[in-house]
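The structure appears right after this line, and notes come after that.
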Amino acid sequence: MIGKFIDRKDELGLLEREWENTPSFVVVYGRRRVGKTRLLSEFAKGKKVFFHTFTEGTKEGQIEALRKELAEFFGDELFLSFSDWFPLFKYLASKIRGRTAVILDEFTYAVKSDREILSALQRAWDHELSRRPVMLVLSGSLLGMMRDEVLSYSSPLYGRRTAGFMLKPLNFRHSVEFFGDWDYGLRAYLLLGGVPAYLAIASRKRSIEELVEEEFLSPLGYFYDEPYIVLAGELRELKVYFSILATIAGGKHRPTEIANGLGIEGRRIYPYLETLIRLGFVRREVPVVGKEKRGIYRINDPFLLTWFSLVYPNRTAIELGLADFESVFENLQRAHSVRFEELAKEFLVELSRAGKLPFRFTKIGRWWRKGEEIDLVALNEREKKVLFVEVKWKELSERETRGILRDLKRKAGLVGLDGWESFYGLVAKRAEGKGEMREGGWLVWDLEDFKNTIR
Numbered sequence: 001m002i003g004k005f006i007d008r009k010d011e012l013g014l015l016e017r018e019w020e021n022t023p024s025f026v027v028v029y030g031r032r033r034v035g036k037t038r039l040l041s042e043f044a045k046g047k048k049v050f051f052h053t054f055t056e057g058t059k060e061g062q063i064e065a066l067r068k069e070l071a072e073f074f075g076d077e078l079f080l081s082f083s084d085w086f087p088l089f090k091y092l093a094s095k096i097r098g099r100t101a102v103i104l105d106e107f108t109y110a111v112k113s114d115r116e117i118l119s120a121l122q123r124a125w126d127h128e129l130s131r132r133p134v135m136l137v138l139s140g141s142l143l144g145m146m147r148d149e150v151l152s153y154s155s156p157l158y159g160r161r162t163a164g165f166m167l168k169p170l171n172f173r174h175s176v177e178f179f180g181d182w183d184y185g186l187r188a189y190l191l192l193g194g195v196p197a198y199l200a201i202a203s204r205k206r207s208i209e210e211l212v213e214e215e216f217l218s219p220l221g222y223f224y225d226e227p228y229i230v231l232a233g234e235l236r237e238l239k240v241y242f243s244i245l246a247t248i249a250g251g252k253h254r255p256t257e258i259a260n261g262l263g264i265e266g267r268r269i270y271p272y273l274e275t276l277i278r279l280g281f282v283r284r285e286v287p288v289v290g291k292e293k294r295g296i297y298r299i300n301d302p303f304l305l306t307w308f309s310l311v312y313p314n315r316t317a318i319e320l321g322l323a324d325f326e327s328v329f330e331n332l333q334r335a336h337s338v339r340f341e342e343l344a345k346e347f348l349v350e351l352s353r354a355g356k357l358p359f360r361f362t363k364i365g366r367w368w369r370k371g372e373e374i375d376l377v378a379l380n381e382r383e384k385k386v387l388f389v390e391v392k393w394k395e396l397s398e399r400e401t402r403g404i405l406r407d408l409k410r411k412a413g414l415v416g417l418d419g420w421e422s423f424y425g426l427v428a429k430r431a432e433g434k435g436e437m438r439e440g441g442w443l444v445w446d447l448e449d450f451k452n453t454i455r
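Residue numbers are given in UniProt numbering: position 225 of the sequence shown equals residue 225, and the series is strictly consecutive.
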């Protein structure tokens with residue numbers, strides 16, 4: 001499904017600069033569905049571009065598919081046969097006349113079937129392509145393979161690229177542009193993150209309840225088997241990784257807790273966690289203030305957090321048509337609460353950049369110690385200023401708000417930043433009486449402020 005193209009101005013700007021400075025060699029990578037192909041298609045408009053998308057298959061089949069498209073692109077009626085990559089790339093270079101972009105999309109599928117393509121492309125770049133006005137773009141979705149085989153020091157292509165970037169999901173500001181209803185867009189973003197393909201699916205629905213019931217909780221839904229598609233290409237021991245993600249989604253965040261949940265020895269869990277971190281699916285957190293270095297682990301991908309909270313624990317019931325929707329939607333609210341903390345962080349970053357806070361912070365994160373926890377602590381260490389913030393996915397009365405802020409001030413005294421200028425805040429779904437509390441020196445925001453700031 002093709003929808004409107006949103007944002008990506010920085011990435012398009014970089015691609016345009018590389019186009020103006022050929023020869024150039026660009027590497028673009030990012031998770032599936034994040035919009036790499038769409039970005040490159042937008043960039044290609046109005047330019048002389050050869051665009052080839054590799055599919056999974058044999059080396060021979062991939063070479064033949066590329067040969068056919070090259071012959072058609074160059075209008076070459078001669079039937080040439082190639083059995084290896086280097087002669088084919090040499091043929092490509094010989095045909096280039098004038099500035100041309102060559103985009104090899106899903107390049108990792110070719111690497112997967114024949115790693116020799118890396119050395120062949122290196123030779124072709126060094127001796128042929130780099131001597132012509134060509135912009136070569138390699139794009140891939142298998143993050144581990146792109147990093148290990150294309151970007152790493154051991155890769156034959158190391159040192160050749162002139163630019164490259166990891167395409168990340170859209171931020172909240174741009175994600176809500178998919179939706180006519182801002183409030184629905186907010187909840188869809190909490191559920192799915194900023195993956196354009198996912199947001200496009202959500203934009204076709206009328207409510208979050210409809211989206212969840214039809215696309216998550218149905219065996220025919222778009223998202224029902226999506227994690228298997230996203231993770232299968234990256235990970236071998238899929239059952240183990242699924243169990244780890246489900247355990248984290250279930251509220252166990254320390255390595256020993258996760259290992260116990262899987263029934264394995266504690267030290268054996270770390271290689272799995274490191275792999276998930278490297279691929280961007282999990283993140284490790286330590287308190288933003290203090291010397292505590294023992295980290296906790298959280299799911300970093302919003303969609304995976306939602307799926308492992310709603311679908312994974314209920315797959316058998318869903319398959320039998322016996323899913324308890326009331327229970328599922330209780331889990332949905334918990335998932336929203338976790339994600340709202342991340343959105344609150346994004347909101348505070350926007351305010352800081354715009355100079356709408358008492359100071360510009362340079363560091364932000366969670367703090368915890370011995371059973372006490374503060375959702376967000378933002379600091380400027382040079383100025384010795386700190387903002388403590390609690391985040392609540394709730395509609396709060398004025399009394400509840402005041403109680404939360406009083407307790408926040410108590411907990412802030414445990415952080416160990418004596419002598420710092422301190423500010424105290426709350427981000428909520430709705431905060432009654434926020435105007436009066438602001439007059440009293442508290443910093444209080446709710447979704448109404450999000451609408452006015454991030455749009």
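The beta carbon of each residue, even a glycine, is placed where N, CA and C say it ideally should be.
Just so we're clear, the structure is a prediction, and the values are computed from it rather than from any experiment.
Within the region 245 to 296, the runs of alpha helix (DSSP H) that reach at least 4 residues and sit entirely inside it are, in chain order, 255 to 262 and 270 to 278. DSSP places residue 449 within a helical segment (H, G or I) once states are collapsed to three. Taking the CA atoms as reference points, residue 297 sits about 10 Å from residue 249. Annotated three-state conformation of residue 43 is helix, per DSSP. If you ignore the 5 residues before and after residue 340, its C-beta comes within less than 7 Å of the C-beta of 190, 391 and 393, all in its own chain and listed in chain order. Residue state for residue 105 is assigned as strand, using DSSP reduced to three classes. Across the structure, residue 327 and residue 60 are spaced so that their CA atoms are roughly 51 Å apart.
Ranked by Cα distance from residue 417, the options 44, 214, 58 and 383 are led by 383. Cβ neighbours of residue 62 within its own chain (closer than 7 Å, five residues either side excluded): 54, 110 and 113. Among the bridge pairs identified by DSSP, residue 139 is matched with 28. Looking at the DSSP output, residue 164 sits in a beta bridge with 27. Exposure of residue 127 is indicated by the presence of fewer than 16 other C-beta atoms within 10 angstroms of its C-beta. Note on geometry: alpha-carbon atoms of residue 119 and residue 376 lie some 48 Å from one another. Exclusion of the five residues before and after residue 351 leaves 357 and 453 as the residues of its chain whose Cβ lies within less than 8 Å of its Cβ.
In the three-state reduction of the DSSP assignment, residue 354 falls in the coil class. With contact defined as three or more Cβ pairs closer than 8 Å, the region 315 to 325 and the region 180 to 199 are not in contact. For residue 425, there is no enclosing alpha helix (DSSP H); the enclosing beta strand (DSSP E) covers residues 421 to 431. Across the structure, residue 443 and residue 325 are spaced so that their CA atoms are roughly 37 Å apart.
Taking 7 Å as the cut-off, the beta carbon of residue 409 is found no closer than this to the beta carbon of residue 372. The count of Cβ pairs closer than 8 Å, one atom from the region 81 to 92 and one from the region 31 to 38, stays below three, leaving the stretches out of contact. Assigned with DSSP and collapsed to three states, residue 171 falls in coil, not helix or strand. Just so you know, the alpha carbons of residue 133 and residue 160 end up roughly 15 Å apart.
Listed in chain order, the non-local C-beta contacts of residue 380 below 6 Å within the same chain comprise 359, 361 and 362, local neighbours out to five positions each way being set aside. In the three-state DSSP reduction, residue 179 falls in the coil class, being neither helix nor strand. Boundaries of the alpha helix (DSSP H) harbouring residue 230: 226 to 232, taken from the DSSP string. DSSP places residue 125 within a helical segment (H, G or I) once states are collapsed to three. Non-local C-beta neighbours of residue 405 in its own chain, meaning closer than 7 Å and more than five positions away in sequence, comprise 424, 426 and 442, ordered along the chain. Scanning 319, 39, 183 and 137 for the CA closest to the CA of residue 11 turns up 39.
Counted as a single uninterrupted DSSP element, the alpha helix (DSSP H) harbouring residue 398 occupies residues 398 to 412. Following the DSSP letters along the chain, one finds residue 368 inside the beta strand (DSSP E) bounded by residues 363 to 369. Going by C-alpha positions, residue 143 is about 11 Å away from residue 275. Cβ neighbours of residue 43 within its own chain (closer than 7 Å, five residues either side excluded): 12 and 15. For residue 16, the enclosing alpha helix (DSSP H) covers residues 9 to 20. Contact between the region 170 to 179 and the region 144 to 160 is absent: fewer than three C-beta pairs spanning the two stretches fall below 8 Å. The beta-carbon distance between residue 175 and residue 199, rounded to whole angstroms, is 6 Å. This is short enough to meet the 8 Å contact definition. Only residues of its own chain outside the window of five on either side were considered, and among them 240, 243, 244, 247 and 269 have a CB closer than 8 Å to the CB of residue 262, listed in chain order.
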